[in-house]
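Residue numbers (the numbering used here), protein chains in the order written: chain A, 1149 to 1585; chain B, 1149 to 1585.
Protein chains: 2
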Amino acid sequence: MPRDLYKAVLGEDEIPTHWYNIVPDFPTPPAPPLHPATGEPLVPDDLTALFPMGLIEQEASAERWIEIPQAVREIYRLWRPSPLYRAYRLEQALGTKARIYYKYEGASPVGSHKANSSVPQAYFNKIAGRTRLTTETGAGQWGAALAFAAEVFGLECDIWQVRSSFEGKPYRSAQMAVFGAKAVGSPSELTEVGRQLRLKFPDTSGSLGMAISEAIEEAAKDPNASYSLGSVLNHVLLHQTVIGQEVLKQLAVFEEPAVDYLFACAGGGSNLGGISFPFIRENLEGRQHVQIVACEPKAAPSLTEGEFKYDFGDTVGMTPKLKMYTLGQDFVPDPVHAGGLRYHGMAPLVSHAYHEGLLSAISVKQREAFEAGVLFARAEGIIPASESNHAIAGALRQVRAATEAGESPVIVIGVSGSGQLDLPAYTEFLSGQMPDT
Amino acid sequence: MPRDLYKAVLGEDEIPTHWYNIVPDFPTPPAPPLHPATGEPLVPDDLTALFPMGLIEQEASAERWIEIPQAVREIYRLWRPSPLYRAYRLEQALGTKARIYYKYEGASPVGSHKANSSVPQAYFNKIAGRTRLTTETGAGQWGAALAFAAEVFGLECDIWQVRSSFEGKPYRSAQMAVFGAKAVGSPSELTEVGRQLRLKFPDTSGSLGMAISEAIEEAAKDPNASYSLGSVLNHVLLHQTVIGQEVLKQLAVFEEPAVDYLFACAGGGSNLGGISFPFIRENLEGRQHVQIVACEPKAAPSLTEGEFKYDFGDTVGMTPKLKMYTLGQDFVPDPVHAGGLRYHGMAPLVSHAYHEGLLSAISVKQREAFEAGVLFARAEGIIPASESNHAIAGALRQVRAATEAGESPVIVIGVSGSGQLDLPAYTEFLSGQMPDT
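Right, dumping it as structure tokens:
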């Protein structure tokens, strides 16, 4: 009686063997990245100072399926396949006849989906002979994930953590240190860019855009170093498609052939792309008609309030220009916002899918997000990451609408991470002191 | 090829249906608890002010197998069976031919094994009509677990958290608050006992014994309340035997018929008893010859340096007297000790097994424990709880001895919890500032 299952836990032999590349399946091709100086479409050589060739090839690939190297699958086996749960207790708490499932990525070693990309990124750098990785991190999930992956493949790892997060989340830098990485607050005194930003904005709480500029500067000046990005780029979203592929297999275990709604949080787009792209393929091939809903914070609403245009990925303008929904390269989210997902842009592949009408988007204020997170935690036991709370809030809106309409849809929620290290934000919410940004 | 598996993940239908009670299998019967005032063996009625009858019956039961109620198994399904991993990467890091397995309880909703007992404790209180639970917590794992279970069954929950932990671990009280429970630092102003202790020891960092006294006073004066204990008592160890039963099934999946060594950390004894009692049964029935090693902190060495005698379970002397290895009811562990497992005594069932030679014990200083934990985290990705680090350290000693002797034993480690909320202790260790207590 599969419908009685609480969780579909697949064996290690069910870990996907390939990543799914959505590019060849798009009805129209996405716009190419442009060289920041010339404005011409980027060629692979433009990226070799920052990335190893294995990742550059993935970034530009037109192949639908890209094989996952054995060495990466070995590390995935430490936590994958991740579980898909039927949320019986949440359904009961809501009094709904909707069937709600959630994919939980928080049981990975670092507590989020980010390890799905940090491991292959470290691997392709290792086989290219690089010995050091630099990166940025906002909430700290990506930094922790890259620290873990760098340790696995014996690489050094230096992390620029957005200052407000570095100061407010000491547990995150401790987690990176356990894996042997070094984190500093950004903007820092360690880079030219950082020193300039500190002069210009002495009181800044930092931003992902600033931290990206610092990490890129550092990688560009060290020939043994690569830069790693935790979201936005095509190859990052590619790696995350293991999530959605597993969900499809697990829904079959539950004997659930069709989903009505898929909710996932969206900051840079790696979680959303990873869980939804395999479902977009289902839609494009006519097997399903899933409504995919990107749930972004009202404090950084790139899809719902941004402009679809070429913009830089960082603050200073060191990256290629990407065609994406953006709030502008110098956007700094409200420092009182604790809800995560603070990036100014949205992954070009997600932006393109949104522009083509292949997914929809909503924005959620943080109090609604945390209210949903507390309800979820009390029903299911799992305390979700701040980011994941946006997806849960989106799903709850749908459940309430369905109840009013007398409908019982099948809903999947992407719970991208654990909220254990976001507990101070929960305290702020429970005490009534969280600003409703 | 089962030997290639990284983790044995059983289906929900493999969750044990019964708890295993070791009492009838002991070669000699354990000494009974005594009434604190009369010194006579306790009768069930002596406990009805504090506990519901369902738990009192378990406490005194002579039945080998006690059925797990359906409502409890439903909640266990949220995270059980927990995974048993083959530690390939740790083996490789150690350069050993030993085969190392670890049972990971840290993926439970609250991050430790404690939920295995909090859920049935809340359940039996619920069906007895109690509406409120009081308890103590040290590191915070038990408090979080009871908060979760109380929420599941709709009970109020008040938690006295050892002061040093309450002040140093704000994430833990936040976690309890997410589940709707209230935590206060102990000794507190809320109880007569607490007020007296604060007068007598104004600078005390608190102890589990003091917090137990406060929680008992509060439960005794409220007819709707019960007291819950997270370790030590027979029924708590009984509930935890789901761990060891699952390990036996999972070793069969790995086609590993016999274990040479089992290492588990020991504070009050619930984790050690839970994972080891099913193995003691294997030994007593001649199926295996497993050497079971309790790993306790040098800072609270009840088995290795305590005395086997009748003592109180709390500081003030409100509990029955228990025959156990103890450092004395007024023992207060060194406040600089961050390694967990700070209780003055040891569960009577574990003490009895130790006295009868059915298990052995070692003590570990906290720097050795954290060194082992960091090595483990860097190999396996999982950051273990402070407590679990003691078991890992014990296993590493054995691996090194085996390497010198040219042996390749089969070793199981009980990793009782996640260290995500212990990260400040890791920082202290990595910075070289952890006192070696």
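Backbone N, C-alpha and C define an ideal beta-carbon position, used for all residues, glycine too.
Min CB distance residue i to chain B below 8 Å
i                  : result
Ile1364 of chain A : no
Leu1578 of chain A : yes
Tyr1154 of chain A : yes
Leu1226 of chain A : yes
Gly1488 of chain A : no
Ala1255 of chain A : yes
Gly1286 of chain A : no
Ile1530 of chain A : yes
Val1157 of chain A : yes
Glu1160 of chain A : yes
Pro1150 of chain A : Any reading at Pro1150 of chain A must be qualified, since the residue scores a pLDDT of 48, below 50, and its modelled position is unreliable; no value is offered.
Gln1568 of chain A : yes
Cys1305 of chain A : no
Rounded distance between the beta-carbons of residue j and residue i, thought under 8 Å
i                  : j                  : result
Ala1276 of chain A : Pro1200 of chain A : 3 Å
Pro1268 of chain A : Glu1162 of chain A : Actually they do not touch by this definition, with Cβ atoms about 19 Å apart.
Lys1251 of chain A : Val1563 of chain A : 7 Å
Lys1415 of chain B : Glu1535 of chain B : According to the sequence provided, residue 1415 of chain B is Gly. The question's Lys does not apply to it. Confirmed, Cβ separation roughly 6 Å.
Ala1539 of chain A : Thr1452 of chain A : About 15 Å; that fails the 8 Å criterion.
Glu1444 of chain B : Leu1410 of chain B : 15 Å between Cβ atoms; not a contact.
Other residues of its chain near residue i: CB distance less than 7 Å, five sequence neighbours each side excluded
i                  : result
Gly1159 of chain B : none
Thr1279 of chain B : Leu1303, Glu1304, Asn1372
Thr1176 of chain B : Glu1504
Arg1343 of chain A : Glu1337
Met1149 of chain B : Confidence at Met1149 of chain B is low in this model, with a pLDDT of 38, below 50, so its placement is unreliable and no value can be given for it.
Gly1387 of chain A : The residue you asked about is not Gly; residue 1387 of chain A is His in the sequence shown. For His1387 of chain A, where only same-chain residues beyond five positions count, the Cβ hits under 7 Å are Trp1167, Asn1264, Ser1265, Pro1268.
Ala1331 of chain B : Gly1291, Ile1307, Gln1309, Phe1314, Ser1321, Met1324
Phe1296 of chain A : Pro1257, Val1258, Ala1263, Ser1266, Phe1327
His1192 of chain A : Per the sequence shown, the amino acid found at residue 1192 of chain A is Pro instead of His. If we look at Pro1192 of chain A and ignore the five residues flanking it on each side, its Cβ neighbours are Ile1204, Ala1208.
Gly1589 of chain B : Outside the displayed span of chain B (1149 to 1585) sits residue 1589 of chain B, for which this structure offers no information.
Cβ of residue i within 8 Å of any chain C Cβ
i                  : result
Gly1259 of chain B : As a matter of chain content, chain C is missing from the structure shown, whose protein chains are A and B.
Any C-beta of chain A under 8 Å from that of residue i
i                  : result
Phe1296 of chain B : yes
Arg1526 of chain B : yes
Glu1207 of chain B : no
Gln1514 of chain B : no
Gln1398 of chain B : no
Glu1535 of chain B : no
Leu1571 of chain B : yes
Tyr1319 of chain B : yes
Pro1557 of chain B : no
Option nearest residue i by Cα separation, candidates the options
i                  : options                                    : result
Asp1462 of chain B : B:Asp1478, B:Tyr1502, B:Ser1265            : B:Asp1478
Lys1446 of chain B : B:Arg1221, B:Tyr1491, B:Asp1194, B:Ala1246 : B:Tyr1491
Gln1568 of chain A : A:Leu1489, A:Pro1231, A:Gln1323, A:Ser1511 : A:Gln1323
Thr1282 of chain A : A:Val1332, A:Ser1321, A:Glu1366            : A:Glu1366
Asp1370 of chain B : B:Ala1501, B:Cys1443, B:Gln1289, B:Ala1197 : B:Ala1197
Asn1537 of chain B : B:Thr1551, B:Arg1548, B:Val1547, B:Tyr1574 : B:Tyr1574
His1500 of chain B : B:Glu1528, B:Lys1471, B:Gln1393            : B:Lys1471
Ile1360 of chain B : B:Val1341, B:Asp1351, B:Thr1352, B:Phe1349 : B:Val1341
Thr1551 of chain A : A:Pro1178, A:Leu1242, A:Glu1211            : A:Leu1242
Ser1312 of chain B : B:Ala1329, B:Val1300, B:Thr1352, B:Gly1378 : B:Thr1352
Ala1246 of chain B : B:Gly1580, B:Leu1571, B:Ser1566, B:Arg1545 : B:Arg1545
Under 9 Å by beta carbon: chain B residues contacting residue i
i                  : result
Tyr1574 of chain A : Ala1322, Gln1323, Ala1325, Val1326
Under 8 Å by beta carbon: chain B residues contacting residue i
i                  : result
Leu1242 of chain A : Residues of chain B passing the Cβ test: none, with the nearest at roughly 16 Å.
Glu1299 of chain A : Arg1526
Val1522 of chain A : Val1326
Closer than 7 Å at the beta carbon, the chain A residues around residue i
i                  : result
Arg1465 of chain B : A quick correction: the sequence has Gly, not Arg, at residue 1465 of chain B. Simply none; closest approach about 36 Å.
Spatial neighbours of residue i in its chain, beta-carbon cut-off 8 Å, leaving aside the 5 residues before and after
i                  : result
Trp1227 of chain B : Ala1255, Ser1256, Pro1257, Ala1263
Glu1576 of chain A : Ala1486, Met1582
Arg1225 of chain B : Glu1160, Ile1163
Leu1153 of chain A : Arg1234, Val1401, Phe1402
Asp1173 of chain B : Arg1212, Ile1428, Arg1429, Leu1432
Same chain only: Cβ atoms within 6 Å of residue i, ignoring 5 sequence neighbours per side
i                  : result
Thr1285 of chain A : Gly1291, Ile1307, Gln1309
Lys1513 of chain A : Lys1446, Asp1584
Phe1456 of chain A : Tyr1473, His1503
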